[in-house]
Amino acid sequence: MIRLQVNGQARDVDVDGATPLLYVLRDHLRLNGAKFGCGLGQCGACTVLLDREPVFSCITPVSVVAGRAVRTVEGLGTSDNPGPMQRAFIEEQAAQCGYCIAGMMMRAQGLLEQNPSPSSMQVRQYMSANLCRCGTHMRILRAIDRAGALMRETGTKGKTT
Amino acid sequence: MSAVEQGTRQARDAQHDALDSGRLRSLSRRAFLGTGGALVVAFSLLARGQETLGQGTKQEKAEPQNRGEVPKNAPPLPGSLEQDPMLDSWIRIDANGAITVFTGKAELGQGVKTALIQIAAEELIVDPARITLITADTGQTPNEGYTAGSQSMQHSGTAILNAAAQVRGILMSLAAQRFSAPVNVLTVQNGVVQGPAGRTATYASLVAGVDLHVRASAQSPLTDPSSRRVMGTAMHRVDIPGKVTGGESYVQDMRLPGMVHARVVRPPSYGARLQGLDAQFVERMPGVVKIVRDGNFLAVVAEQEYQAISAARALARVSRWQERATLPAPADLHASMQRLPSKDKVILGQTWNTLEGSDVVRATYRRPYQMHGSIGPSCAVALAKDEGVTVWTHSQGVYPLRGAIAELLHLPPDRVRCIHIEGSGCYGHNAADDAGADAALIASKLPGRPVRVQWMREEEHSWEPYGPAMVTRARAALDNGRIAGWEFDVWSNTHSTRPGKAGELGPASLLAKPFPPSAPRPLPQPEGGGDRNAIPLYSIPRAKVTHRFIPEMPLRVSALRALGAYMNVFSIESFIDELAAAARADPVEFRLRHLEDARGIEVIRGAARRFGWSEYARTPGKGRGFAFARYKNLAAYCAIAMEVEVMRESGEIRVGRVAAAVDSGEAVNPDGIRNQIEGGVVQSLSWTMLEEVTWDGRRITSRDWGRYPILRFAHVPASIDVDVIDRPGQPFLGTGEAAQGPAAAAFANAVADATGKRIRQIPFDPPRVRAALLENR
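Just so you know, the protein sequences line up as chains A and B, in that order.
FYI, the numbering used here numbers position 3 of the first sequence as 152, with every residue one higher than the one before it.
FYI, the numbering used here numbers position 548 of the second sequence as 580, with every residue one higher than the one before it.
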């Protein structure tokens, strides 16, 4: 049994410690946000926050996560009460198919928590770990700008737990 | 309830229905029929007295029984109404006021659900939030073939626009009778008909006893385009809230009771044969439920997903394959393609002969194989039960897939139901259908248990059908600054090997009794396949265009977004710039000089103005490029201008400002159009700057994102600015593939402008750019 802290809640899972975090989140905890994209840490669709750092959950064994805070897009808010990052993506209509978007939002959340006012170049460099195939990049960049502004306005780092 | 939740609930309902009922009926159209008071007294399918699994009575083409009384010499009906003319195939209003709209098209991330809801809300005169939209499902919706070719708005949008107007017309006539008032004094507000003396009647109150199982008319009482309320507005996409909050948005997210996970162990290369397998160890691995082998088709099923992945990896290690060298020498690709037998067809200018003279300009352009490269590998869930199978799939064509899977499993089509659930963007015929076939094959060995199959990254990269490699050759003669003669030849494989037959499903070729693929066919003009957009829109007095169709396919290929239009527009619009340079003309002015199409002229002027073409100030290392096309010569018009900077030492190219103008006819959702053009520009830049499928003698080697890089944030343009030219009342013109060709050519022209060197082979990766810069220095 491994005890995880996911979106502020303690969760016990009975799973082989070598299992990547992604499958624990999706299959054991039934969270949809983190997506399988490559299993190789190349695309970022599976990005979640581990403590304060974005990580590729597809190549992170669950054993190394025990006792540390995992945050997924579900921890940023709900469709009825979306957090600043989610509001920004909705307001900018920053998705096409949307498969990469939860991973994008978690990486952007990690950036804005560390640097609330990144330059445009810093955002582009930081986000380069995550791939989008629909070509929604320009909107994603605008949404991250907007999320930063929303978080600065409200003086919060977003509704994350 | 959000549309996402509706989709999930729909899947769940179907699942429950499938599991709960004695036989696998799935969610039938009849299940939607209210009793007493429903506007729809009979769904068109039920007219044929069938209610078995999947309501699979709709044939690939609508049959006469389903067409009502067809008047003699009837004029054609608008959009897909021509194929499925009964109003209740498209719109249903319940006695409780619920409004359901049906489309045979699927949401692929292009925003079509939102646009179709806007259209229905506009013509029904109701709040869009009141509409439930049901998308591609062989058990519920009209058969609109594939969601492809940027045709959803033309086909389904037009059908729903007219069906909604006609339904509203019928309801208003009923209200007029009830009020004893002429129809023309009535108005509607959010589904409530307003009559004289303050009398009102809701749609719900009007539907009692009404039969909408009637054939649509050719003419519809359409609302005045100048008084649009919902169409023409940037309504927010209905699917995005779920997608940004971790909703169950995709087929990948489906979890059905008792579901198991499967992985396929695909051969290491095309044509490889499974020689031996020692699977006992794998059978004993944790969670393993079953190993499935049928010829060269090998799969493993486990209770949990990561158990299935681990078991599949173990199975791959203990399987022995005999491989064959089937692939062409990579360095000789384009020459070897041109040596293959081709079926040549002159598609323009039968009488034109060879160009002669000293002022003839010639150029040859090349494109590699390129992949769809969905971020989420293909996935499907299937459930076999009671001699039938239901497949939840992100296929672009649920009806064609149903036919193919029925053949694959030796079932009658009405025992197969295919339900579209969103997946990762597909950009054409990727592995979606193959995953559906995998799931159906494996589920057929495990009746009663839903089977979820998702491909791994290396399967998707090495087994999806690629966009074909192509060669084009252009020649033209100039006379007094005008193009006097033109010859264009395009060499290509087919651009569609989509299913319809089992042989088009990837796993079908692996079975002990394989299904042979159909003979490849060129797609006919005017839309074309390899020759899509091979005919220039410009006015040229003497022109000849030849499509050299190559049947032999050394690599698996099919439809990649824009098909041949990407390469043909890249070629033609690069060549136009080469001709403009030879004529010492400004590229924008040179295009206008040869164009008569007023809407084409307007988008060219629009993009040039938005970019600031005439005020452009040249700076060292930078250049600007322009290109234009009308997709398929019959869909949306798009012109693009962009600036690039070329790093001479590294060969790296940075894209600066991009300005585009697009005319998609009436713009139902201008922001949706903008999103499509922005995405098309970025995707095309990725193809053009970076992308190339690679292989050695036997195997595809571009098996992951490391060896098939695509554009990352660090290299996307500085900005993309899109001008949507709205034309209220004009027909919808498909937008999803309008930008790819012009973006590639505008980029190539900007590189040539910046460096003075013309690059004619895609991709423009740093080694190729450096080599070009070193030529004839």
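Using N, Cα and C, we set each Cβ at its ideal position, and we do this for glycine too.
If you're wondering where the values come from, they're calculated on a predicted model, not measured in any experiment.
Q | 8 Å Cβ cutoff met for residue 236(B) and residue 127(B) | A | yes
(Q) Taking 8 Å as the threshold (beta carbon to beta carbon), is residue 261(B) in contact with chain A? (A) no
Q.
Out of 617(B), 521(B) and 345(B), which one is the CA nearest neighbour of residue 380(B)?
A. 521(B)
(Q) Can you give me the C-alpha to C-alpha distance between residue 119(B) and residue 430(B), rounded to a whole angstrom? (A) 21 Å
**Q.** Straight-line Cα distance separating residue 165(A) from residue 293(B)
**A.** 17 Å
**Q.** Interface flag, residue 239(A) vs chain B, CB-CB below 8 Å
**A.** yes
Q. In the structure shown, what three-state DSSP assignment does residue 703(B) receive?
A. helix
Q) For the ligand HEM, is there a heavy atom less than 7 Å away from the beta-carbon of residue 348(B)? A) Of the ligands one can find in the structure shown there are none, so the ligand HEM has no counterpart to examine.
Q: Tell me residue 322(B)'s beta-bridge partners as DSSP assigns them.
A: 333(B)
(Q) Bridge partners for residue 502(B) per DSSP, in chain order? (A) 399(B) and 524(B)
Q) Can you list the residues of chain B that residue 182(A) reaches, using a CB-CB cut of under 7 Å? A) 278
Q: Using a Cβ cut-off of 8 Å (strictly closer), state whether residue 140(B) contacts chain A.
A: yes
**Q.** Separation of residue 356(B) from residue 535(B), as counted between CA atoms
**A.** 21 Å
**Q.** Contact belief for residue 771(B) with residue 428(B) at Cβ below 8 Å, rounded distance in angstroms
**A.** With a Cβ gap of about 20 Å, residue 771(B) and residue 428(B) do not count as contacting.
Q: Compare the Cα-Cα distances from residue 148(B) to each of 658(B), 181(B), 208(B) and 268(B) and report the closest residue.
A: 268(B)
Q: For the segment 242-259 of chain B and the segment 186-203 of chain B, state whether three or more C-beta atom pairs, one from each stretch, are separated by less than 8 Å.
A: yes
Q. Unbroken beta strand (DSSP E) runs of length 3 or more, entirely within the segment 156-235 of chain B: which are they?
A. 163-166, 219-221, 224-226 and 232-234
Q: Can you give me, in chain order, the residues of the segment 261-280 of chain A that have a beta carbon less than 7 Å from any beta carbon in chain B?
A: 273, 274, 276, 277 and 280
**Q.** Check whether residue 412(B) and residue 440(B) have beta carbons under 8 Å apart
**A.** no
Q: Below 8 Å on the Cβ atoms is my guess for residue 487(B) versus residue 409(B); work out the distance and round it to an integer in Å.
A: 4 Å
Q: Find out if the Cβ-Cβ distance for the pair residue 264(B), residue 763(B) is shorter than 8 Å.
A: no
Q. What in chain A is Cβ-close to residue 428(B), meaning under 8 Å?
A. Chain A residues near residue 428(B): none, gap ~13 Å exceeds 8 Å.
**Q.** Neighbouring residues, chain A, relative to residue 337(B) (Cβ below 8 Å)
**A.** 172, 175 and 176
(Q) Counting only C-beta atoms, is residue 137(B) closer than 8 Å to chain A at any point? (A) no
Q. Quick one: is residue 60(B) buried, meaning 16 or more other Cβ sit within 10 Å of its Cβ, or exposed?
A. Note on residue 60(B): pLDDT 35, under 50, position unreliable in the model; no value is reported.
Q. Quick one: does residue 228(A) have its CB under 8 Å from some CB of chain B?
A. yes
Q. Starting from residue 476(B) and walking both ways along the alpha helix (DSSP H), at which residues does that stretch end?
A. 464-476
**Q.** For residue 376(B), the three-state DSSP class (helix, strand or coil)
**A.** strand
Q.
Run through chain A and tell me which residues come within less than 8 Å of residue 707(B), C-beta to C-beta.
A. 242, 245, 285 and 288
Q: Just confirm the distance between the C-beta atoms of residue 110(B) and residue 194(B), as a whole number of angstroms; I'd bet it's less than 8 Å.
A: 4 Å
Q: Using a Cβ cut-off of 8 Å (strictly closer), state whether residue 218(A) contacts chain B.
A: no
(Q) So, with DSSP's three-state summary, where would you put residue 245(A)? (A) coil
Q | Own chain partners of residue 257(A) with C-beta closer than 6 Å, once the 5 adjacent residues on each side are dropped | A | 293
Q) Between which two residues does the alpha helix (DSSP H) carrying residue 2(B) extend? A) Given that chain B is displayed from residue 33 to residue 809, the structure contains no residue 2(B) and the question cannot be resolved.
Q: Determine, using beta carbons only, whether residue 221(A) comes closer than 8 Å to chain E.
A: Absent from the structure is chain E; the protein chains it does hold are A and B.
Q: Just the C-alpha distance for residue 188(A) and residue 196(A), rounded to the nearest angstrom, thanks.
A: 11 Å
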